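Residue numbers (the numbering used here), protein chains in the order written: chain A, 2 to 336; chain B, 2 to 336.
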């Protein structure tokens with residue numbers, strides 16, 4: 002099979018495309034023909050060495066995928082060849098990734114693609130959908146009728162958080178980087194959206210929701226705790242899942258006097274049963290048209306280095322006019 | 002009745018002692034003859050104006066007390082004159098405080114003093130006991146068999162947290178400021194204790210508990226997030242309840258990759274039913290000899306300014322040899 006891989010961690014040029022032996026499933030594994038692999042910031046961190054994570058060499062990056070089951074191990078129950086599936090959490094913790102024509106998975110990390118949902122949406126929605134569901138419901142326990150502020154609502158995570166919060170009946174405010182992305186956030190159901198490059202954005206949000214927010218989700222790699230805590234209601238829950246090198250100042254007094262809680266998490270370290278619970282919610286929302294992942298760009302497997310290069314620039318050097326959303330790598334056709 | 006009071010917020014000299022009318026209970030209130038009033042950092046914050054809290058003028062400071070019920074309003078059930086009680090949460094949110102011969106309370110904020118528990122312990126254990134119980138069990142959900150690190154185990158809060166964590170079967174490590182306080186922490190049941198003035202304290206703690214801690218409690222007004230997160234196990238819960246003006250740097254990456262949660266709270270803003278649940282645990286532990294509040298010093302009502310002065314220096318300018326524990330003001334005898 003063909004796959005994109007690295008022989009050692011380093012810059013984007015380390016990514017090559019070459020031949021690997023076709024994988025066989027172990028007794029408790031399935032082999033999936035990958036239709037689409039989606040790129041995530043974590044792929045850049047692992048490939049570049051920014052994330053201190055041991056990987057086998059040569060290493061095939063890639064967490065997310067959609068595809069079709071090709072073969073199943075003799076102890077696997079509930080899955081058959083031909084099933085349309087998606088998954089996340091490959092290319093991590095010693096496992097090879099999804100920038101390949103085939104991937105071997107443990108069934109605990111695969112989910113059915115609902116009827117009417119495309120391979121594109123399933124691949125693009127995976128990691129961000131599970132992340133949003135874990136953060137909103139398992140961590141922050143957002144409830145219907147509560148208010149949520151999404152810092153960076155125009156990105157892949159932010160746009161998913163907005164849609165998911167709206168789907169459960171929460172009131173959403175957001176910031177984004179450009180007029181176009183502000184319009185997108187509004188289109189997804191955010192009621193108050195400000196461009197965070199406008200100096201008055203915080204006053205405008207505070208004026209719109211003077212009681213403060215019950216949940217505040219920071220997508221930025223440079224979290225602004227002063228803004229989040231300032232906009233928080235008493236007993237607010239803050240969510241944090243990015244910013245590996247950030248060391249912002251933390252306003253201790255306002256945080257504890259308001260009784261805030263801050264939840265940090267890396268989706269791929271959540272236990273499989275929590276990821277599965279989140280994935281089922283993602284499926285339910287996608288099947289009902291309430292969650293449409295945002296897609297930034299499309300590449301072929303031979304363009305894997307270009308896909309990583311774009312993700313790297315979006316993640317490490319974002320500008321107001323950067324594209325946002327998921328980067329998809331189309332690997333095989335859907336027949 | 003006699004009371005210590007201020008006519009305006011400001012330095013310790015603003016505290017006077019004078020005569021006030023004897024209070025009468027409203028229909029749903031009780032009047033308590035105060036035996037002991039305990040001083041807390043919050044009293045300094047309110048008296049000095051550091052806490053932006055509206056208070057009636059003239060204002061009698063003081064949150065904690067132990068005493069004897071003198072009279073009850075005609076709608077109060079379950080309490081009678083002569084009952085030995087303790088409470089916290091006075092002198093806040095518009096209520097007059099406890100540096101007085103009598104205090105009017107709503108019954109939701111008073112608790113019985115168990116047989117065999119002294120007025121001293123009941124007054125000294127109040128705010129710190131409720132704080133420790135809320136933080137450990139309602140916020141961090143410490144479980145038997147888990148490990149906890151207490152930064153600043155020698156103080157009033159820290160020594161209470163150590164005892165309470167031990168009482169539920171947790172493994173405790175702590176830091177403190179002097180050899181004497183290290184011995185005290187060990188005596189309370191902390192297994193590994195280091196002087197935080199020793200440069201190698203963190204390595205020593207990490208070596209003793211290499212898996213990291215499930216719960217980490219910061220008592221310092223200058224929280225050290227790098228140390229806390231570095232010593233945290235995956236999915237650790239951090240507790241924060243002090244440091245009004247602190248703005249330490251926050252290590253975003255290590256925090257979220259470990260899946261940490263940070264809980265801040267101000268005990269007096271917790272709902273009454275949560276304070277009551279915590280107070281019942283405090284009572285249970287005190288009645289069984291498992292919680293003995295640490296007492297730093299004793300004063301009379303006429304020495305109220307000295308009591309505030311000592312609390313101010315312990316809170317705002319602590320040194321390794323500062324006394325630690327609760328400051329008690331003895332107001333009436335126990336007959």
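Beta carbons are placed, not taken as given, at the ideal position from N, Cα and C, and that holds for glycine. Given the structure is predicted, the values throughout are model-derived calculations rather than measurements.
Straight-line Cα distance separating residue j from residue i
i: residue 18 of chain B; j: residue 240 of chain A; result: 48 Å
i: residue 39 of chain B; j: residue 277 of chain A; result: 51 Å
i: residue 84 of chain A; j: residue 59 of chain A; result: 29 Å
i: residue 290 of chain B; j: residue 260 of chain B; result: 36 Å
i: residue 176 of chain B; j: residue 45 of chain B; result: 25 Å
i: residue 234 of chain A; j: residue 77 of chain A; result: 48 Å
i: residue 181 of chain B; j: residue 320 of chain B; result: 13 Å
i: residue 139 of chain A; j: residue 301 of chain B; result: 51 Å
i: residue 279 of chain B; j: residue 108 of chain B; result: 15 Å
i: residue 193 of chain A; j: residue 133 of chain A; result: 20 Å
i: residue 332 of chain A; j: residue 43 of chain A; result: 20 Å
i: residue 128 of chain B; j: residue 327 of chain B; result: 10 Å
i: residue 72 of chain B; j: residue 112 of chain B; result: 16 Å
i: residue 264 of chain B; j: residue 135 of chain B; result: 11 Å
i: residue 9 of chain B; j: residue 201 of chain A; result: 36 Å
i: residue 226 of chain B; j: residue 33 of chain A; result: 43 Å
i: residue 203 of chain A; j: residue 191 of chain A; result: 16 Å
i: residue 189 of chain A; j: residue 315 of chain A; result: 21 Å
i: residue 57 of chain A; j: residue 95 of chain A; result: 6 Å
i: residue 272 of chain B; j: residue 92 of chain A; result: 46 Å
i: residue 270 of chain B; j: residue 296 of chain A; result: 44 Å
i: residue 48 of chain A; j: residue 197 of chain A; result: 31 Å
i: residue 41 of chain A; j: residue 145 of chain A; result: 29 Å
i: residue 209 of chain A; j: residue 218 of chain A; result: 18 Å
i: residue 299 of chain A; j: residue 221 of chain B; result: 51 Å
i: residue 51 of chain A; j: residue 55 of chain B; result: 50 Å
i: residue 311 of chain B; j: residue 115 of chain B; result: 30 Å
i: residue 102 of chain B; j: residue 173 of chain B; result: 40 Å
Pair within 9 Å by beta-carbon distance, residue i and residue j
i: residue 359 of chain B; j: residue 143 of chain B; result: Residue 359 of chain B cannot be examined here, being either before or after the span of chain B that is shown, 2 to 336.
i: residue 185 of chain A; j: residue 155 of chain A; result: yes
i: residue 224 of chain A; j: residue 243 of chain A; result: yes
i: residue 36 of chain A; j: residue 67 of chain A; result: yes
i: residue 164 of chain A; j: residue 286 of chain A; result: yes
i: residue 86 of chain A; j: residue 27 of chain A; result: no
i: residue 237 of chain B; j: residue 215 of chain B; result: yes
i: residue 62 of chain A; j: residue 309 of chain A; result: yes
i: residue 322 of chain B; j: residue 178 of chain B; result: yes
i: residue 168 of chain A; j: residue 292 of chain A; result: yes
i: residue 11 of chain A; j: residue 64 of chain A; result: no
i: residue 31 of chain B; j: residue 70 of chain B; result: yes
i: residue 228 of chain A; j: residue 148 of chain A; result: no
i: residue 231 of chain A; j: residue 249 of chain A; result: no
i: residue 342 of chain B; j: residue 157 of chain A; result: This structure gives no information on residue 342 of chain B, because the portion of chain B shown stretches from 2 to 336.
i: residue 330 of chain A; j: residue 100 of chain A; result: yes
i: residue 161 of chain B; j: residue 294 of chain B; result: yes
Contacts of residue i in chain C (Cβ-Cβ under 9 Å)
i: residue 242 of chain B; result: Any reference to chain C falls outside this structure, whose protein chains are A and B.
Near the ligand NAP: residue i beta-carbon under 8 Å from a heavy atom
i: residue 68 of chain B; result: Here there are no bound small molecules, and the ligand NAP is not part of this structure.
Amino acids of chain B, ordered along the chain, whose beta-carbon sits closer than 7 Å to that of residue i
i: residue 25 of chain A; result: Those within 7 Å of residue 25 of chain A in chain B number zero; the least Cβ separation is about 33 Å.
8 Å Cβ cut-off: residues of chain A touching residue i
i: residue 250 of chain B; result: 248, 249, 250 and 251
i: residue 156 of chain B; result: Within chain A, no residue comes near residue 156 of chain B; the closest Cβ sits about 16 Å away, beyond 8 Å.
Per-residue contacts from residue i into chain B (C-beta, under 8 Å)
i: residue 245 of chain A; result: 253, 254 and 258
Beta-carbon neighbours of residue i, restricted to chain A and to distances below 9 Å
i: residue 106 of chain B; result: By Cβ distance, chain A contributes nothing, its closest Cβ being about 23 Å from residue 106 of chain B, past 9 Å.
Amino acids of chain A, ordered along the chain, whose beta-carbon sits closer than 7 Å to that of residue i
i: residue 64 of chain B; result: By Cβ distance, chain A contributes nothing, its closest Cβ being about 15 Å from residue 64 of chain B, past 7 Å.
Listed by chain order, chain B residues near residue i by CB distance under 9 Å
i: residue 186 of chain A; result: Under the 9 Å cutoff, chain B gives no residues; its nearest Cβ is about 23 Å from residue 186 of chain A.
Item checked: Contact list for the stretch 2-16 of chain A against chain B, Cβ threshold 8 Å -> none
Item checked: Chain-ordered residues of the stretch 293-307 of chain B with a beta carbon less than 7 Å from chain A -> none
Note to self: Against chain A, which members of the stretch 191-224 of chain B pass a CB distance test of less than 7 Å?
What the structure shows: 224
Next item on the list: Report the residues of the stretch 263-291 of chain B with a CB closer than 8 Å to any CB of chain A, ordered along the chain.
Entry: 263, 264, 265, 266, 267, 270 and 271
Check: Which runs of the beta strand (DSSP E), 3 residues or longer, sit entirely within the stretch 22-104 of chain B?
Finding: 31-40, 65-73 and 85-88
Item checked: chain B contacts from the stretch 225-236 of chain A (Cβ-Cβ distance under 8 Å) -> 226 and 235
Check: Quick one: complete alpha helix (DSSP H) runs, 4+ long, within the stretch 188-244 of chain B?
Finding: 202-209 and 226-231
Next item on the list: Would you list, in sequence order, the uninterrupted alpha helix (DSSP H) runs of no fewer than 4 residues that lie entirely inside the stretch 288-328 of chain A?
Entry: 305-317
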